[in-house]
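Visitor: Mapping the sequence shown onto numbering that gives the first Met the number 0, position 92 (from 1) lands on 91, and the numbers just tick up by one.
One structure coming up, written as structure tokens, with questions to follow.
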Amino acid sequence: MAAHPILPGVVLGAGFSHPAYERYLRAWREQAIVDADDGRAAASVCHQATLIDLVLDGRPTHDWLSVMEDLLTDEVGRPLAYSVGFGDRLYKFEGQFLQSTVHSIHTRWWIETLTKPEAVDHGKFADWILAKKGPDGLIIDTDVSPTILRHRMKAELSMSAAMGAEILSEAGRLTDDLRSELATSLSDPRKVPPLGYMTSEQFRLAALRILGFEEQFPIGIGDHIEACKVGLDRGWGDFSMASKVDAYMGTAKRTSRDKPIHSPLVACHVAALSAKVDDPTQRAAIMDRLTIYSRSLAENPLDIPAFQMRDVPIPFGADLTPIEAVCASHLIANLQTEGGR
């Protein structure tokens, strides 16, 4: 059985995909294959298509590794985030799409471990990850984007750490000094502040566990989880709407009309974080809400909303995605396994 850090607690194997999502997943995968045949591919697409392979068929069934080799590899062999054909569709993106990111490196490594585990050169991937480590001890894509630390997406900081630590651990490259350096930087509130983003905090926790420094995880996650349910009758959003501000203006003026949305993916991250909630009453309330949310998905599996900005009645991005469908299926399957508690 396979797993992936973006989907905490989800065991990726055939048998738990909810019937309501299967037609969508098959159509999504087929379109991804058609696009790849036409030269349009992205590491994120290969990742999600492989997730679909695993939950529908129990194993990788399409040769996404060859797609990545042919379309998502630069001249020195590094994994790329986007193919030339994919990048040509991006408005005024020019050559910026030819980038090797932590996510693209991890995706290539993950797919190789699934399809050709005996042939994976873990050391090569570890070298690429270590090349991403800056003097501040963080593993981030500064070579791709010069965005200052304060304005970088918070989930990038901790997700890159979790993905990087996973590769470094498998390659046997996590020395005591490196473990300490990475964990210290990841726990430094000046570098990666505990802002209460559910996905960001779960990636932080996952990375610290791999590094052997779980005790450095910030306290008080229970209150952040509680804040992320405000404005929702079920589930959680990734962050508290009350704490959302414009990074440059320093005010909630531009974000005050944004509406919170629930997400199966976020619910999986909350479930993983619940183990770090010290108050047993608070933890029990979180698990009860998780059960209620899972039951609501079982009754209405397609009730997965898209994000909307302010009061504009146009979705900003997709509602149902392969990742959300897999997470929703996992929550529904666990609800049934546990007898609907």
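Beta carbons: idealized from backbone N, C-alpha and C, even for Gly.
Since the model is a prediction, treat every value here as computed from it, not as a measurement.
Under 8 angstroms: do the segment 176–189 and the segment 221–228 share three or more Cβ pairs, one atom per stretch?
Guide: No contact exists between the segment 176–189 and the segment 221–228.
Visitor: Assign residue 147 to buried or exposed, taking buried as 16 or more other Cβ atoms, counted over all protein chains shown, within 10 Å of its Cβ.
Guide: Stepping through the sequence shown from its first residue, residue 147 is reached at position 148. With fewer than 16 other Cβ atoms within 10 Å, it is exposed.
Visitor: What does DSSP give as the partner residue(s) for residue 81 in the beta ladder?
Guide: For the purposes of this step, residue 81 is taken as residue 82 along the sequence shown, with counting starting at 1. Residue 81 pairs with 41.
Visitor: Between the alpha carbons of residue 63 and residue 291, how many angstroms are there, rounded?
Guide: Looking up residue 63 in the sequence shown gives position 64. Looking up residue 291 in the sequence shown gives position 292. In a straight line, the C-alpha of residue 63 is about 37 angstroms away from that of residue 291.
Visitor: Excluding the 5 residues preceding and the 5 following residue 37 in the sequence, name in chain order all residues of the same chain whose CB lies nearer than 8 angstroms to its CB.
Guide: To locate residue 37, count along the sequence shown from 1; it is residue 38. 84.
Visitor: Cutting at 6 angstroms between CB atoms, please list the residues of its own chain near residue 281, excluding the five before and the five after it.
Guide: As a position in the sequence shown, residue 281 is number 282, starting the count at 1. 221, listed in sequence order.
Visitor: How big is the Cα-Cα spacing for residue 13 and residue 47?
Guide: The count along the sequence shown starts at 1 and reaches residue 13 at position 14. The count along the sequence shown starts at 1 and reaches residue 47 at position 48. One C-alpha to the other measures close to 15 angstroms.
Visitor: What's the C-alpha gap between residue 82 and residue 66?
Guide: Reading the sequence shown from its first residue, position 83 is the one you call residue 82. Reading the sequence shown from its first residue, position 67 is the one you call residue 66. So the two alpha carbons sit approximately 10 angstroms from each other.
Visitor: Considering only the beta carbon of each residue, do residue 236 and residue 262 sit closer than 8 angstroms?
Guide: Position 237 of the sequence shown, counted from the start, is the residue given in the question as residue 236. Position 263 of the sequence shown, counted from the start, is the residue given in the question as residue 262. Yes, they are a contact pair.
Visitor: Three-state secondary structure (DSSP) at residue 1?
Guide: What you label residue 1 is simply residue 2 of the sequence shown in a count that begins at 1. Reduced to three states, the DSSP call for residue 1 is strand.
Visitor: Measuring only the C-alpha atoms, how far is residue 190 from residue 202?
Guide: Residue mapping note: residue 190 aligns to position 191 of the sequence shown, counting from 1. Residue mapping note: residue 202 aligns to position 203 of the sequence shown, counting from 1. Near 15 angstroms, if we compare the C-alpha coordinates of residue 202 and residue 190.
Visitor: Out of curiosity, what's the CA-to-CA distance linking residue 157 and residue 216?
Guide: Within the sequence shown, the letter at position 158 stands for residue 157. Within the sequence shown, the letter at position 217 stands for residue 216. Between residue 157 and residue 216, the C-alpha separation is close to 12 angstroms.
Visitor: Among 50, 35 and 30, which one has its Cα closest to the Cα of residue 16?
Guide: Residue numbering aside, residue 16 sits at position 17 when the sequence shown is read from its first letter. The shortest C-alpha separation from residue 16 is found at 50.
Visitor: Can you check whether the CB of residue 258 is closer than 8 angstroms to the CB of residue 196?
Guide: Reading the sequence shown from its first residue, position 197 is the one you call residue 196. Reading the sequence shown from its first residue, position 259 is the one you call residue 258. Not closer than 8 angstroms, so no.
Visitor: Would you call the segment 162–179 and the segment 112–124 touching, i.e. three or more CB-CB distances under 8 angstroms?
Guide: Judged by Cβ distances under 8 angstroms, the segment 162–179 makes contact with the segment 112–124, as three or more pairs qualify.
Visitor: Just the Cα atoms here: how many angstroms apart are residue 104 and residue 333?
Guide: To locate residue 104, count along the sequence shown from 1; it is residue 105. To locate residue 333, count along the sequence shown from 1; it is residue 334. Rounded to whole angstroms, residue 104 to residue 333 spans 31 angstroms at the Cα level.
Visitor: To the nearest angstrom, report how far apart residue 311 and residue 318 are at their CA atoms.
Guide: Translated into positions along the sequence shown, residue 311 becomes position 312. Translated into positions along the sequence shown, residue 318 becomes position 319. Below a pLDDT of 50, predicted positions are generally treated as unreliable, and residue 311, at 49, falls in that range; the measurement from the model is reported next regardless. The straight-line gap from Cα to Cα measures roughly 16 angstroms.
Visitor: In the DSSP output, what is residue 11 paired with across the bridge?
Guide: Working through the sequence shown from its first residue, we reach residue 11 at position 12. DSSP lists 1 as partners of residue 11.
Visitor: When you compare only the Cα positions, how much space is there between residue 192 and residue 174?
Guide: As a first step, residue 192 is located in the sequence shown; it is residue number 193 there, counting from the start. As a first step, residue 174 is located in the sequence shown; it is residue number 175 there, counting from the start. C-alpha separation (whole angstroms): 25 angstroms.
Visitor: What are the partner residues of residue 72, as DSSP defines its beta bridges?
Guide: Walking along the sequence shown from the start, residue 72 turns up at place 73. 78, per the DSSP bridge assignment.
Visitor: Going by Cα to Cα distance, which pick from 95, 136, 45 and 134 is closest to residue 113?
Guide: Numbered from 1 along the sequence shown, position 114 holds the residue referred to as residue 113. That would be 45, whose Cα lies nearest to the Cα of residue 113.
Visitor: For residue 200 and residue 149, I'd like the C-alpha separation in whole angstroms.
Guide: Here residue 200 corresponds to residue number 201 of the sequence shown, with the count starting at 1. Here residue 149 corresponds to residue number 150 of the sequence shown, with the count starting at 1. Going from the Cα of residue 200 to the Cα of residue 149 covers about 16 angstroms.
Visitor: Would you call residue 140 buried or exposed, if buried means 16 or more other Cβ atoms sit within 10 Å of its Cβ?
Guide: Locating residue 140 in the sequence shown gives position 141, counting from the first residue. Classification of residue 140: buried, given that the 10 Å Cβ count is 16 or more.
Visitor: What residues in its chain sit with their C-beta under 8 angstroms from that of residue 300, if we drop five residues either side in the sequence?
Guide: In the sequence shown, counting from the first residue as 1, residue 300 sits at position 301. Cβ within range, chain order: 17, 19, 20, 327 and 331.
Visitor: Take residue 322 as the anchor and find which of 284, 39, 35 and 53 has the nearest alpha-carbon.
Guide: Here residue 322 refers to the residue found at position 323 when the sequence shown is read from its first residue. Out of 284, 39, 35 and 53, 53 has the C-alpha closest to the C-alpha of residue 322.
Visitor: Quick check on residue 258: does DSSP put it in helix, strand or coil?
Guide: Sequence index remark: in the sequence shown, residue 258 carries index 259 (1-based). Reduced to three states, the DSSP call for residue 258 is coil.
Visitor: Would you list the one or two residues that DSSP bridges to residue 123?
Guide: As a position in the sequence shown, residue 123 is number 124, starting the count at 1. According to DSSP, residue 123 bridges with nothing at all.
Visitor: Can you name, in chain order, every residue of its own chain whose Cβ lies under 6 angstroms from the Cβ of residue 325, other than the five neighbours on each side?
Guide: Looking up residue 325 in the sequence shown gives position 326. These residues qualify, in order along the chain: 50 and 54.
Visitor: Our contact map puts residue 32 next to residue 61 with C-beta atoms below 8 angstroms; I'd like the distance itself, whole angstroms only.
Guide: Stepping through the sequence shown from its first residue, residue 32 is reached at position 33. Stepping through the sequence shown from its first residue, residue 61 is reached at position 62. Confirmed, about 6 angstroms.
Visitor: For residue 11, which residues from the same chain have a beta carbon less than 8 angstroms from its beta carbon, with the 5 sequence-adjacent residues on both sides left out?
Guide: Position 12 of the sequence shown, counted from the start, is the residue given in the question as residue 11. Excluding sequence neighbours, residue 11 sits near 0, 1, 2, 3, 50, 53, 54 and 325.
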